[in-house]
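Undergrad: For reference, the structure I am asking about is given below.
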Amino acid sequence: MATTTKIRPRALVRASGGPRYAVALAVDALGTGLLRPFLLLYGVLVLRLSAPVTGIAMTAGIVAGLVCMPAVGRWLDRGARSTVVAASMLVRVLGVALLLLTPAGHAWPFATAALFLGIGNQAWPAAHAAVVATVSHGRERDAALAAGRALRNAGLGVGALIATVSLAGGATALR
Numbered sequence: 412m413a414t415t416t417k418i419r420p421r422a423l424v425r426a427s428g429g430p431r432y433a434v435a436l437a438v439d440a441l442g443t444g445l446l447r448p449f450l451l452l453y454g455v456l457v458l459r460l461s462a463p464v465t466g467i468a469m470t471a472g473i474v475a476g477l478v479c480m481p482a483v484g485r486w487l488d489r490g491a492r493s494t495v496v497a498a499s500m501l502v503r504v505l506g507v508a509l510l511l512l513t514p515a516g517h518a519w520p521f522a523t524a525a526l527f528l529g530i531g532n533q534a535w536p537a538a539h540a541a542v543v544a545t546v547s548h549g550r551e552r553d554a555a556l557a558a559g560r561a562l563r564n565a566g567l568g569v570g571a572l573i574a575t576v577s578l579a580g581g582a583t584a585l586r
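This is the structure in structure tokens:
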């Protein structure tokens with residue numbers, strides 16, 4: 412006969428790093444959900460790039476992030492957990508900084524920024540899961556990974572929803 416263990420919400424929040432950590436995960440996921448739609452708008456409206464050029468640059472960044480994942484996995488397997496998390500965040504910061512420094516009409520700096528953002532955004536979830544798996548054990552680890560993934564998915568969805576509502580509402584909604 413199988414037994415089930417009921418996990419209480421407080422224990423789940425504690426297992427996933429506490430309330431501040433859960434809020435940090437939610438903010439990160441919300442920002443990531445907002446990133447893609449607004450990155451497309453930034454490329455087209457602010458930098459005056461064509462939609463195909465902007466889309467190709469963003470797609471190349473995502474593909475580059477996926478191509479980098481085997482190297483990230485090897486790095487994690489060698490034991491560099493928190494270093495990979497910090498590196499992925501630093502790569503994201505570099506992408507945003509380069510994005511802000513990109514002059515209007517220049518596709519290559521935008522593409523490079525999208526590349527950094529794509530790599531950082533692809534590497535962070537795997538690195539985060541490795542850190543959680545290192546600091547927690549057994550059912551607590553499973554609960555923490557599940558809670559973190561659920562929170563991330565919810566944040567990504569809410570971020571995309573906010574972006575969609577903002578864009579559908581036009582300039583008034585963006586204000």
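Per the working numbering, residue 412 is the first one in the sequence shown, and the count goes up by one each step.
Backbone N, C-alpha and C fix where the C-beta goes; we use that ideal spot for every residue, glycine too.
Computed from a predicted structure; not experimentally measured.
#1: Could you please give the first and the last residue of the uninterrupted alpha helix (DSSP H) stretch that includes Thr-494?
#2: What number of angstroms, rounded off, separates the C-alpha of Ala-544 from the C-alpha of Ala-440?
#3: Judging by CA-CA distance, which residue of Val-496, Leu-451, Val-546 and Leu-556 is the nearest neighbour of Ala-524?
#4: For Ala-515, does the three-state DSSP call read helix, strand or coil?
#5: Which residue comes first and which comes last in the alpha helix (DSSP H) that contains Val-569?
#6: Just to check my reading of the structure: Pro-520 and Leu-511 have Cβ atoms closer than 8 Å, yes? What is that Cβ distance to the nearest angstrom?
#7: Quick one: what does DSSP say Arg-459 is sitting in, helix, strand or coil?
#8: Taking Cβ to Cβ, would you say Ala-540 is nearer than 7 Å to Leu-556?
#9: Considering just the uninterrupted stretch of the alpha helix (DSSP H) at Arg-447, what are its terminal residues?
#10: With DSSP run on the structure shown, which of helix, strand or coil describes Arg-489?
#11: Name the residue from Leu-436, Pro-430 and Arg-431 whose alpha carbon lies nearest to the alpha carbon of Arg-560.
#12: Near Ser-461, what residues of its chain come up, given a Cβ to Cβ distance below 8 Å and the 5 sequence neighbours on each side ignored?
#13: Would you mind working out which of Asp-553, Ala-565, Thr-443 and Ser-493 sits nearest Ile-473, comparing C-alpha positions?
TA: According to the structure data:
#1: Taking the first residue of the sequence shown as 1, we reach residue 494 at position 83. Under the DSSP assignment, Thr-494 falls in the alpha helix (DSSP H) whose first and last residues are 492-512.
#2: Along the sequence shown, one-based indexing puts residue 544 at 133. Along the sequence shown, one-based indexing puts residue 440 at 29. C-alpha separation (whole angstroms): 19 Å.
#3: Position 113 of the sequence shown holds residue 524. Considering only Val-496, Leu-451, Val-546 and Leu-556, the residue with the shortest C-alpha distance to Ala-524 is Leu-451.
#4: Numbered from its first residue, the sequence shown carries residue 515 at position 104. In this structure, Ala-515 counts as coil in the three-state DSSP scheme.
#5: Position 158 of the sequence shown, counted from the start, is the residue given in the question as residue 569. Counted as a single uninterrupted DSSP element, the alpha helix (DSSP H) harbouring Val-569 occupies residues 549-579.
#6: One-based indexing of the sequence shown puts residue 520 at position 109. One-based indexing of the sequence shown puts residue 511 at position 100. For a cut-off of 8 Å, the C-beta gap from Pro-520 to Leu-511 is around 10 Å, too long to register as a contact.
#7: Here residue 459 refers to the residue found at position 48 of the sequence shown. If DSSP states are grouped into helix, strand and coil, Arg-459 belongs with coil.
#8: Along the sequence shown, one-based indexing puts residue 540 at 129. Along the sequence shown, one-based indexing puts residue 556 at 145. Ala-540 places its beta carbon less than 7 Å from that of Leu-556.
#9: To locate residue 447, count along the sequence shown from 1; it is residue 36. Membership of Arg-447 in the alpha helix (DSSP H) is indicated by the continuous run 430-452.
#10: The count along the sequence shown starts at 1 and reaches residue 489 at position 78. In this structure, Arg-489 counts as coil in the three-state DSSP scheme.
#11: If you number the sequence shown from 1, residue 560 lands on position 149. Checking every option, the nearest Cα to that of Arg-560 belongs to Leu-436.
#12: Here residue 461 is taken as the residue at index 50 of the sequence shown, counted from 1. Hits under 8 Å: Val-455.
#13: In the sequence shown, the residue the question calls residue 473 occupies position 62. The shortest Cα separation from Ile-473 among Asp-553, Ala-565, Thr-443 and Ser-493 belongs to Thr-443.
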